[in-house]
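So the sequences go chain by chain: A and B.
Under the numbering used here, the residues of the first sequence are numbered 1 to 209, in order.
Under the numbering used here, the residues of the second sequence are numbered 1001 to 1209, in order.
Protein chains: 2
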Amino acid sequence: MTKRTERNRINDPEGLRQRVLDAAYGAFCTRGYNATSVHDLKREAGATGGAFSHHYPTKKELGLAVLETRVADAVEETWIAPVRSAATAASGIAAVFEAIAQELDEQGTVSGCPLNNLALELSRQDDDFRQAIEAIFGRWRSAIADRIRADQDAGHPAPPDAEATATFVVAAYSGAMAMAKASQSAEPLRTCARLLGPMLDPNTGSGRT
Amino acid sequence: MTKRTERNRINDPEGLRQRVLDAAYGAFCTRGYNATSVHDLKREAGATGGAFSHHYPTKKELGLAVLETRVADAVEETWIAPVRSAATAASGIAAVFEAIAQELDEQGTVSGCPLNNLALELSRQDDDFRQAIEAIFGRWRSAIADRIRADQDAGHPAPPDAEATATFVVAAYSGAMAMAKASQSAEPLRTCARLLGPMLDPNTGSGRT
DNA sequence: TGCGAAACAGGACACTTGTCCGGTTATGAT
DNA sequence: ATCATAACCGGACAAGTGTCCTGTTTCGCA
């Protein structure tokens, strides 16, 4: 009785899992976790109910998977790797700010920082989410702090307190992105990058007065 | 035959409206807009369905009312008024950071900045929300910029670009609060306040090296 | 005192939410 | 070829979602 359906189905568990993760990551970033229904995700990922809940039994498990894979990777690729491989912490951070600002200009709309979006929405909703988010924030901050310490050791001009400065950089970026989202403009990002620069490289501080 | 019910009902439209606003403000701050159902709000505010939708026909209208009254007032009271009446912009901003950090320590949990929470959740969900949020951000930033300009005019040590600095202060606070929420600790707030200080009052910058 | 409008009561309404279930198909090891 | 298991199908399910509707009660005003 179910003979008439397409008889060339193949199992692709990993592929389906990735499609679901991609759909969920995109939806969570633009619409948010609570505003996204699993029904929408099934449709966008092209997954049936059975397959969906086979891989991700609950929405929460999917959310954690999105955080630990997609969101963590995004932070790694857009922040950690560029800062680590830059000439100095100051130049690397400035480059990241500018790259993201340009990206926002190109695509016209501002969805905000994925980590920050989910952090504010889910930190108090569930402690498992909170811990996953805190861990990503921690790695982000540590990567910047490591880079500043490397500058210090190499004799480059660098702020004295690496850990505190790293916290400050992450905060300035997160807040700038929040304002950018509210105004749908990359301007707050560029403004903050400009004021952050002299702080990271004390030598360039007294250029304009 | 509804005679048996309590026959001493009195109409208190303004009081009910305030109770609903209070309940909604509290719920939106701690749980978020989308995670809060109107059913919960009815119960918490002690309002029946009829009364509720008489004053706030849709959830969106209630959300906008919460933004324009409660959230706007909160920003006014905790940020704008203290900064305006402080001796200098630097001291006022430092005092606000510390006051909020102490408040977080006392109550144990960190729900985050109400404006920021709603900004990230609703800015892309509905443009009416976005505009209301952007307006509050604008007033917040302007108040700080005005205070910096007043310092400049009075000959106090002050950063040169008042508008940009104001944006930076709001961003640093918003981001610090996001990290505070993720870590459930006031420490990011204090760290950022400490690094922000020398920037607002250039004279205290070279104290420690 | 009467009357129209506002305030409120309480439930109906259609729809969506997330999860679960019995059955079917594919796949790898034997 | 056999068989256990993972992968997948498609719909059922109860509980909730936001909104609306018909009455009833209160209240300002003439």
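No residue lacks a Cβ here, since even glycine has one placed at the ideal position from N, Cα and C.
- Taking 8 Å as the CB threshold, isoleucine 1133 (chain B) lines the interface with chain A.
- Using a Cβ distance threshold of 8 Å, alanine 1089 (chain B) and isoleucine 1148 (chain B) count as a contacting pair.
- Scanning A:His39, A:Val38, A:Val75, A:Lys42 for the CA closest to the CA of glycine 138 (chain A) turns up A:Val75.
- The segment 175-186 of chain A makes contact with the segment 96-111 of chain A: 3 or more CB pairs, one atom from each, lie closer than 8 Å.
- Listed along chain B, the residues sitting closer than 8 Å to arginine 130 (chain A) by beta-carbon distance are Ala1182, Gln1184.
- Residues Leu21 of the same chain have their beta carbon placed closer than 8 Å to that of threonine 69 (chain A), with the five preceding and five following residues left out of the count.
- Residue state for glutamine 125 (chain A) is assigned as coil, using DSSP reduced to three classes.
- Remark: fewer than three beta-carbon pairs, one from each stretch, lie closer than 8 Å, so the segment 1117-1137 of chain B and the segment 1036-1054 of chain B are not flagged as touching.
- Here isoleucine 1144 (chain B) carries a helix assignment [DSSP, helix/strand/coil].
- For histidine 39 (chain A), the uninterrupted alpha helix (DSSP H) run begins and ends at 38-45, by DSSP.
- Alanine 65 (chain A) is not a Cβ neighbour of leucine 41 (chain A), given a cutoff of 8 Å.
- In this structure, DSSP gives asparagine 1116 (chain B) a helical state, which the three-state scheme calls helix.
- Chain-order list of chain B residues neighbouring phenylalanine 97 (chain A): empty, with the shortest C-beta distance near 12 Å, by a criterion of under 7 Å.
- Nearest CB-CB separation between arginine 1124 (chain B) and chain A: below the 8 Å threshold.
- Assigned with DSSP and collapsed to three states, isoleucine 1133 (chain B) falls in helix.
- Counted as a single uninterrupted DSSP element, the alpha helix (DSSP H) harbouring arginine 1194 (chain B) occupies residues 1187-1200.
- Near chain B, meaning a CB-to-CB distance below 7 Å, the residues of the segment 168-182 of chain A are Phe168, Val170, Ala171, Ala172, Tyr173, Ser174, Gly175, Ala176, Ala178, Met179, Lys181, Ala182.
- DSSP places glycine 1015 (chain B) within a helical segment (H, G or I) once states are collapsed to three.
- In this structure glycine 1155 (chain B) is exposed. Its beta-carbon is surrounded by fewer than 16 other beta-carbon atoms within 10 angstroms.
- In the displayed model, arginine 84 (chain A) falls within a helix according to three-state DSSP.
- Interface annotation for the segment 101-112 of chain A against chain B: Thr109, Val110, Ser111, Gly112, criterion Cβ-Cβ distance under 9 Å.
- Close CB contacts of aspartate 105 (chain A) within its chain, under the 6 Å cut and outside five residues either way in sequence, are with Ala186 (chain order).
- Annotation: the continuous alpha helix (DSSP H) that includes glycine 1175 (chain B) extends over 1162-1183.
- Comparing alpha-carbon positions, the option among A:Asp146, A:Leu189, A:Glu163 lying closest to valine 83 (chain A) turns out to be A:Asp146.
- In the structure shown, glycine 138 (chain A) adopts helical secondary structure according to DSSP, grouped into three states.
- Straight through space, the alpha carbons of glutamate 1121 (chain B) and glutamine 1131 (chain B) are spaced by roughly 13 Å.
- Isoleucine 1136 (chain B) is positioned such that its CB atom lies no closer than 8 Å to that of alanine 1166 (chain B).
- Identification of chain A residues near threonine 1030 (chain B) by a Cβ-Cβ cut-off of 7 Å yields Arg124, ordered along the chain.
- By the criterion of a C-beta distance shorter than 7 Å, glycine 1032 (chain B) is surrounded in its chain by Asn1117, Glu1121, once the five residues flanking it on both sides are discounted.
- The continuous alpha helix (DSSP H) containing leucine 1064 (chain B) extends over residues 1059-1065.
- Asparagine 34 (chain A) has a beta carbon lying within less than 8 Å of a beta carbon in chain B.
- Glutamate 1068 (chain B) has a beta carbon lying at 8 Å or more from every beta carbon in chain A.
- DSSP places isoleucine 10 (chain A) in the coil class of the three-state scheme, outside both helix and strand.
- Counting other Cβ atoms within 10 Å of its Cβ, aspartate 127 (chain A) stays below 16 and is therefore classed as exposed.
- At a cut-off of 8 Å between beta-carbon atoms, threonine 1165 (chain B) makes contact with chain A.
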